[in-house]
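No gaps in the numbering here: position 16 of the sequence shown is 16 in the UniProt record's numbering, and each next residue is one more.
Here a beta-carbon is modelled for each residue, glycine too, at the ideal position from N, C-alpha and C.
Every value quoted in this text rests on a predicted model; they were computed, and no experiment measured them.
To keep things clear, I will list the structure first and then write my remarks on it.
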Amino acid sequence: MKRYILLLGSAFTFVIAAPIDDYMQSLKVQAKIENPSFKGFDAKRGEDIFFSQHIGKRGKKISCASCHTNDLTKNGENIFTGKKLEPLSPKVNSKRLKDVKKVKKWLRRNFKDVYKREGTAIEKGDVLTFILSK
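As structure tokens, then:
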């Protein structure tokens, strides 16, 4: 019985994780095109991207952490709109990174807000790898 429950739990986890895994796989393909020597996504690079500050939206010096905080397990607040943000970490917020369409929209918008450009596949994959590690 325990073995059955364990197998069922493992299968359920696999099904839930599949959409973001598929998206990460597509980012790997794009990353290899962008940089043929690409070896894989890196959480440390993603952390550096997440916390680095830039003159972004409205000429304000910001980073991803400006809204999402230094602790991804805590609530954040959009510094421009005041909108409350649920924790970014999928370990404490089961809704995070489940809807790939929202993830793509979020990455596109937030890279433009902070960097004033869309992120590369490598940058997106690194940031997602960092977030998934939290």
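For residue j and residue i, the rounded distance between their alpha carbons
i, j, result
"Ser133", "Pro90", "9 angstroms"
"Gly59", "Asp71", "25 angstroms"
"Asp21", "Asn35", "21 angstroms"
"Thr73", "Ser66", "14 angstroms"
"Asn78", "Thr69", "10 angstroms"
"Glu86", "Gly76", "6 angstroms"
"Ile49", "Arg109", "15 angstroms"
"Phe14", "Cys64", "With a pLDDT of 45 at Phe14, under the threshold of 50, the predicted position of this residue should be treated as unreliable, and no value is reported."
"Lys95", "Pro19", "13 angstroms"
"Val29", "Lys83", "35 angstroms"
"Lys112", "Thr81", "16 angstroms"
"Val103", "Lys44", "20 angstroms"
C-beta contact flag for residue i and residue j at 8 angstroms
i, j, result
"Phe41", "Thr120", "no"
"Val127", "Tyr23", "no"
"residue 142", "Leu88", "In the structure as shown, the chain starts at 1 and stops at 134, and residue 142 therefore has no counterpart that could be examined."
7 angstroms CB neighbourhood of residue i in its chain, flanking five on each side removed
i, result
"Phe38", "Ala31, Lys32, Ile122"
"Leu27", "Ala121, Lys124, Gly125"
"Glu118", "Arg108, Phe111, Lys112"
Beta-carbon contacts of residue i that lie in its chain and below 8 angstroms, excluding the five residues immediately before and after
i, result
"Tyr115", "His54, Gly56"
Residue span of the alpha helix (DSSP H) that contains residue i, given as start and end
i, result
"Lys102", "100-115"
"Arg45", "43-51"
Proximal residues to residue i (C-beta, below 6 angstroms), its chain only, five neighbours per side dropped
i, result
"Val92", "Thr73"
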